[in-house]
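Going down the list, the protein sequences come from chains U and C.
Residues 330 to 743, numbered by this note's numbering, are exactly what the first sequence covers, in order.
Residues 3 to 162, numbered by this note's numbering, are exactly what the second sequence covers, in order.
Ideal placement from N, C-alpha and C gives every residue a C-beta, glycine not left out.
First comes the structure, then the notes that go with it.
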Amino acid sequence: MIESAAIQKSLDVYGIRQQFPILTREVKGKPLVYFDNAATSQKPQAVIDALINYYTTYNANIHRGIHTLAEEATTAFEATRDAVQQFIHAASREEIIFTRGTTEGINLVAYTWGRQNIKAGDEIIISTMEHHSNIVPWQILCEEKGAVLKIIPITDEGELLIDEYKKLLSPKTKLVSVVHVSNALGTINPVKQIIDAAHEAGAVVLIDGAQSTVHLDINVQQMDCDFFVFSAHKLYGPTGVGVLYGKEHLLETMPVFHGGGEMIKEVTFEKTIYNDLPYKYEGGTPNIADVIAFKAALGFINQTGKENIQKHEEELLLYATKQFQQIPGLKIIGTAKEKISVISFIIDNFHPQDIGILLDNSGIAVRTGHHCTQPLMNRFGITGTVRASFAVYNTKEEIDELIAGVQKTIKMLS
Amino acid sequence: MKNQRTIEEIEKEIAEEFSLFDSWDDKYEYIIDLGKKLPPLEDQHKIDENRVRGCQSTVWLVAGYRDGKVFYKAESDAVIVKGLISMLIRVLSGQSPDNIIQAKLNFIQQIGMTTHLAQTRSNGLLAMVKQMKNFALAYKIKNSISLNDYEYRSAETKNN
Numbered sequence: 330m331i332e333s334a335a336i337q338k339s340l341d342v343y344g345i346r347q348q349f350p351i352l353t354r355e356v357k358g359k360p361l362v363y364f365d366n367a368a369t370s371q372k373p374q375a376v377i378d379a380l381i382n383y384y385t386t387y388n389a390n391i392h393r394g395i396h397t398l399a400e401e402a403t404t405a406f407e408a409t410r411d412a413v414q415q416f417i418h419a420a421s422r423e424e425i426i427f428t429r430g431t432t433e434g435i436n437l438v439a440y441t442w443g444r445q446n447i448k449a450g451d452e453i454i455i456s457t458m459e460h461h462s463n464i465v466p467w468q469i470l471c472e473e474k475g476a477v478l479k480i481i482p483i484t485d486e487g488e489l490l491i492d493e494y495k496k497l498l499s500p501k502t503k504l505v506s507v508v509h510v511s512n513a514l515g516t517i518n519p520v521k522q523i524i525d526a527a528h529e530a531g532a533v534v535l536i537d538g539a540q541s542t543v544h545l546d547i548n549v550q551q552m553d554c555d556f557f558v559f560s561a562h563k564l565y566g567p568t569g570v571g572v573l574y575g576k577e578h579l580l581e582t583m584p585v586f587h588g589g590g591e592m593i594k595e596v597t598f599e600k601t602i603y604n605d606l607p608y609k610y611e612g613g614t615p616n617i618a619d620v621i622a623f624k625a626a627l628g629f630i631n632q633t634g635k636e637n638i639q640k641h642e643e644e645l646l647l648y649a650t651k652q653f654q655q656i657p658g659l660k661i662i663g664t665a666k667e668k669i670s671v672i673s674f675i676i677d678n679f680h681p682q683d684i685g686i687l688l689d690n691s692g693i694a695v696r697t698g699h700h701c702t703q704p705l706m707n708r709f710g711i712t713g714t715v716r717a718s719f720a721v722y723n724t725k726e727e728i729d730e731l732i733a734g735v736q737k738t739i740k741m742l743s
Numbered sequence: 003m004k005n006q007r008t009i010e011e012i013e014k015e016i017a018e019e020f021s022l023f024d025s026w027d028d029k030y031e032y033i034i035d036l037g038k039k040l041p042p043l044e045d046q047h048k049i050d051e052n053r054v055r056g057c058q059s060t061v062w063l064v065a066g067y068r069d070g071k072v073f074y075k076a077e078s079d080a081v082i083v084k085g086l087i088s089m090l091i092r093v094l095s096g097q098s099p100d101n102i103i104q105a106k107l108n109f110i111q112q113i114g115m116t117t118h119l120a121q122t123r124s125n126g127l128l129a130m131v132k133q134m135k136n137f138a139l140a141y142k143i144k145n146s147i148s149l150n151d152y153e154y155r156s157a158e159t160k161n162n
């Protein structure tokens, strides 16, 4: 009770919940407890309204239209770019490229910068805890170019072995692509240290911010990463929108990705002159509605205050971790000192899928399986975990529900 | 004889059993119980080529053919999936290839378990139903060529 009072001092979680209409629904006759936020977060009314407002009042294709609707849509679309620039503290708005999501952002870099700069014998460093989307594009590139993928090992707690990472760095290292926060473990990686060491070795660094951007303060200039990628839908925004941040001098010299409309200045059958940044990488009609609505999501986060969000989520994590540690046979996978509000766990003798099905039966949404991190699961000698991930609208009472649900599940499966 | 009943009759019987349950908890407790009682598959069959790949749980499935009927044996590493397998075997094992191929398996919907057949990659059940039908189809084709096949088969009858 004391803890829940403390949370309310900094953040009115019940007021916040009212902004998320989906949280009032029931699942299997029970109030929804949504703990699958690391997969995607729910959307506040402001985001839903922005989508409806766009389609209801000013739907138009952007940038080239001369009419009023096109101008309104273009202004709203570009306003999101400004909001993103401020949100991650990029030096200029031209460094913000809209993509479909984190996966597309990584692939864009692999297919443009990667193809231009990676040669036979070069080395790319990733870590054991990468999401498949930060493994596969580099594997494809390495196969194509005859380059080598190197893997940073981790501890049993789920922390990167930084000394081992430094040993992997060499003049052959051309790229380091590492996740900021592990989706499966919650570990916050020391990216500044990783980036500085890579730069000393002359390598370019991509940071996968899919999980970090919603929880942590992101300042790409202080971090000094060369590329930073994330998805809107994990930040209370719509699906189908992502951001690739790149340092301007890199984006300027990289080859184009998707050829088509929008990304050109002039086309003749002999030669095409490409558009300036950021449009150079935004071929075709973009996801206008969702980009526009993403600004409302950023507005929600700014209004709530990242500091308040962090404090609230930290308290939830601490509260849940303490309770989980008391359940016999339950083992938390990922016990790094620096963690965001994610708890991955396994229970002796029970399959994660069975646990997930029975929790759903109690109205509790968690994720089960390998979380698209099969090499990481192999590292721990498991096939998957149950993952509960907390967001700004989650409460201590919901964690109590989860704990009760887990205890009931154990009873049913025993 | 149990095997002489039609697929529809067995499905109806399962649906009636489930209609006795008041809550989802009761349904799942029953399925878990069925899963625990499913006879384990012999280790020799638990090999990669018998795996029906699902994203999370693993299902191993083998089939045999005798007197015009297909027989199945299967197991999974997840107990709820095992319970669902147990029901599928009860419905389809011992039926003719034609009847298996045509089976609509409406009972899954009637007992409220369609979520486990959804395209969520969450388990191998949908793949398992497909594989059971593939076996039936393979035996139907084979039937015109060869006689009985007492051996439980795996790889060579897959994906025909």
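Any Cβ of chain C closer than 8 Å to the Cβ of Gly692 of chain U would place that residue at the interface, and such an atom is absent.
Shown here, Pro704 of chain U sits in a helix according to DSSP, grouped into three states. Look at the segment 4-37 of chain C: the residues with a C-beta under 8 Å from a C-beta of chain U are Trp26, Asp27, Tyr30, Glu31, Ile34. Secondary structure note for Val510 of chain U: it is in no alpha helix (DSSP H), with a DSSP letter that is neither H nor E.
Asp683 of chain U reaches chain C at Ala80, Val81, Ile82, counting residues in chain order whose Cβ is nearer than 7 Å.
Counting only runs of 4+ residues, the alpha helix (DSSP H) found wholly inside the segment 81-118 of chain C occupies 81-94, 99-104, 109-112, in chain order. Around Met741 of chain U, the beta-carbon contacts reaching into chain C at under 8 Å are Asp27, Tyr30, Glu31, Ile34.
Using beta-carbon distances, Gly713 of chain U counts as an interface residue toward chain C, with a partner under 8 Å. Taking the Cβ atoms as the reference, Val356 of chain U lies roughly 12 Å from Glu730 of chain U, outside the contact range of under 8 Å.
In terms of beta-carbon proximity, His680 of chain U lines the interface with chain C, with at least one pair separated by less than 8 Å.
With a minimum length of 3 residues, the unbroken runs of beta strand (DSSP E) contained wholly in the segment 588-675 of chain U fall at 593-596, 601-603, 659-662. Contact of Ile686 of chain U with chain C by beta-carbon distance below 7 Å involves Ile82. Flagged as an interface residue toward chain C: Lys357 of chain U, by a C-beta distance shorter than 8 Å.
Within the same chain, and ignoring the five residues on either side of Ile661 of chain U in sequence, the residues whose Cβ sits closer than 8 Å to its Cβ are Thr650, Phe653, Gln654, Ile672, Ser673, Phe674. Shown here, Val695 of chain U sits in coil according to DSSP, grouped into three states, outside any helix or strand. Secondary structure at Pro350 of chain U: helix, using DSSP grouped into helix, strand and coil. Excluding residues up to 5 positions away in sequence, Thr431, Gly538, Ala539, Thr542, Gly571, Val572 lie with their Cβ nearer than 7 Å to the Cβ of Phe559 of chain U in the same chain.
Rounded to the nearest angstrom, the Cβ distance from Gly487 of chain U to Thr516 of chain U is 5 Å, consistent with a contact under 8 Å. Less than 8 Å separates the beta-carbon of Leu127 of chain C from that of Leu86 of chain C. Residue environment analysis places His578 of chain U among the exposed positions, since fewer than 16 neighbouring C-beta atoms fall within 10 angstroms of its C-beta. Less than 8 Å separates the beta-carbon of Tyr574 of chain U from that of Val549 of chain U.
Restricting attention to U:Phe629, U:Ile617, U:Asp605, the CA atom closest to the CA of Leu564 of chain U is found in U:Phe629. In this structure, Tyr608 of chain U lies away from Met583 of chain U, with their beta-carbon atoms at least 8 Å apart.
Ser691 of chain U is positioned such that its CB atom lies no closer than 8 Å to that of Lys640 of chain U.
For the pair of segments examined, the segment 507-516 of chain U was found to touch the segment 697-707 of chain U: the number of CB pairs separated by less than 8 Å reaches three. A direct Cα-to-Cα measurement between Gly612 of chain U and Arg708 of chain U gives close to 39 Å.
Cα atoms of Tyr67 of chain C and Asn52 of chain C: separation of roughly 16 Å, rounded to the nearest angstrom. With 16 or more other Cβ atoms inside 10 Å of its own Cβ, Arg410 of chain U counts as buried.
Here DSSP, grouped into helix, strand and coil, assigns Gly575 of chain U to strand. Between the C-alpha atoms of Val64 of chain C and Lys75 of chain C there is a straight-line separation of about 5 Å. Shown here, Gly566 of chain U sits in coil according to DSSP, grouped into three states, outside any helix or strand. Boundaries of the alpha helix (DSSP H) harbouring Trp26 of chain C: 26-39, taken from the DSSP string. By DSSP's assignment, Asp365 of chain U forms a beta bridge with U:Ser718. Taking C-alpha positions only, Ile524 of chain U is separated from Met552 of chain U by approximately 7 Å.
Here Ile425 of chain U is buried. Its C-beta has 16 or more other C-beta atoms within 10 Å.
For Asp683 of chain U, the enclosing alpha helix (DSSP H) has its first and last residue at 681-689.
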